[in-house]
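Numbering of the sequence shown is given in this note's numbering, commencing with residue 1 and proceeding in unit increments.
Comments concern the structure below.
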Amino acid sequence: MPATPRKTSKTPAAPVAPHGRQRFPTAGSDEKRERILKAAEALFDRYGYASTTIEQIVQALGVTKPFVYYYFRNKQEIFETLCWAPTEACFTVLDFAVDDPRPAHEKAIDGLQRLIAATIAHYPAGFFPYREPQAFSPAYLKASRNVAQQFYKQFCELLEDGRASGHFHFRETRITAQAACSLPGFLYNWYQPGGRLGPAEMVAELTDLATRVLGLNLTPTALQTPAKSRSSTPSARKKSAKESTPPSPAT
C-alpha cells in the first residue's frame, strides 16, 4: 500500500508508561523491555489475562522477578503496554498530511486498508482488547475511547464528503462507519496466522468487502440519497462523533 505521510500532532500519548524501578534509560533497556513484552504476549494469548502470572513470565524468560519489576510495575501494566501499540497504530491511520491532495473517498479507502493491515500486523496483542475488556484500568479505557472517537470523527467526515461527491452510497453515516470497521474488528474471533490467505491477501480481501459496505462507486453519478436524509451538516457530524465507540484497537 502507498506510504502516505501523516500528521504527528494528533498522535495520542500513551496512557501507560513503565513504572518499574528503572529511573533512567540505559543501553539495552528497550531491548529488555521488549523481551518481557514478547514473552508476556505469548502467555496472554495462550492462557488469557487472568490465568497468566508474573511467575510464568519470569519462567518463560529464565530470569528473576526483580528483573521484570525493574521495568514494569505489575502484570496489568505489561498487558496495557502491549495493547496500546496496536490501538495507536489502528486509530491514527487517518492522520493524513494537511496538504494530502487526494479526494475523500480515496483517503477513506486507504485508511480502511491501513486499519486492516495494522490489525493483522499486531496479532495477537491487537485482539486482546476484544478478548479481555475487563482487564484494563479506567485511565487506559478513557485514553483508548478518546483516540477511537477521534478516528470515527475523521472517518465519518470522509464518508460524508465521499457521498457528497457521489463515490459512496449509504444511508446512516455512523452505522456505515462502524459496519465497515467491524470487519477487521471481528478478526479476533477466527483469524490465525498461517491460514490459506497470507496477510497481504487477507488485507486485500477485507478491504474489498469493506468498500462494498460503503457503497463504493468509481464512476459516480448524481446522488440518489435526498439531501434531507444525509447527515453532512456540522451539527450531525458533531453528534456522530459523540456516539458510543466500539472497543479498541480495530473498531
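All residues carry an ideal CB built from backbone N, CA and C; glycine is no exception.
- With contacts defined as CB atoms closer than 8 angstroms, residue 181 and residue 94 fail to qualify as a contacting pair.
- Between the region 64-73 and the region 128-139 there are fewer than three inter-stretch CB-CB distances shorter than 8 angstroms, so the stretches are not counted as touching.
- Between the region 75-89 and the region 131-145 there are three or more C-beta pairs closer than 8 angstroms, enough to call the two in contact.
- The C-alpha of residue 103 is placed about 22 angstroms away from the C-alpha of residue 179.
- Boundaries of the alpha helix (DSSP H) harbouring residue 210: 199-213, taken from the DSSP string.
- In this structure, the alpha-carbon of residue 171 lies about 11 angstroms from that of residue 159.
- If you check the CB distance, residue 210 and residue 183 come in under 8 angstroms.
- Distance between residue 202 and residue 219, taken at the CA atoms: about 26 angstroms.
- Straight-line measurement puts the Cα of residue 193 at about 26 angstroms from the Cα of residue 177.
- For residue 59, the enclosing alpha helix (DSSP H) has its first and last residue at 54-61.
- For residue 168 and residue 99, the gap between their C-alpha atoms comes out near 23 angstroms.
- Straight-line measurement puts the Cα of residue 30 at about 17 angstroms from the Cα of residue 83.
- The straight-line gap separating the alpha-carbon atoms of residue 144 and residue 214 is approximately 25 angstroms.
- Taken atom to atom, the span from the alpha-carbon of residue 175 to that of residue 119 is near 21 angstroms.
- With a 10 Å radius around the Cβ and a threshold of 16 neighbouring Cβ atoms, residue 28 comes out exposed.
- Per DSSP, reduced to three states, the secondary structure at residue 77 is helical.
- Check the Cα spacing between residue 186 and each of 153, 196, 108 and 206: the tightest is with 206.
- The Cβ atoms of residue 148 and residue 91 sit closer than 8 angstroms to each other.
- By the criterion of a C-beta distance shorter than 6 angstroms, residue 117 is surrounded in its chain by 203, once the five residues flanking it on both sides are discounted.
- For secondary structure counted as the alpha helix (DSSP H) over 4 or more consecutive residues, the region 171-201 holds these complete runs in sequence order: 173-185.
- Secondary structure note for residue 144: its alpha helix (DSSP H) is the uninterrupted segment 138-164.
- When rounded, the separation of the alpha-carbon atoms in residue 156 and residue 150 is 10 angstroms.
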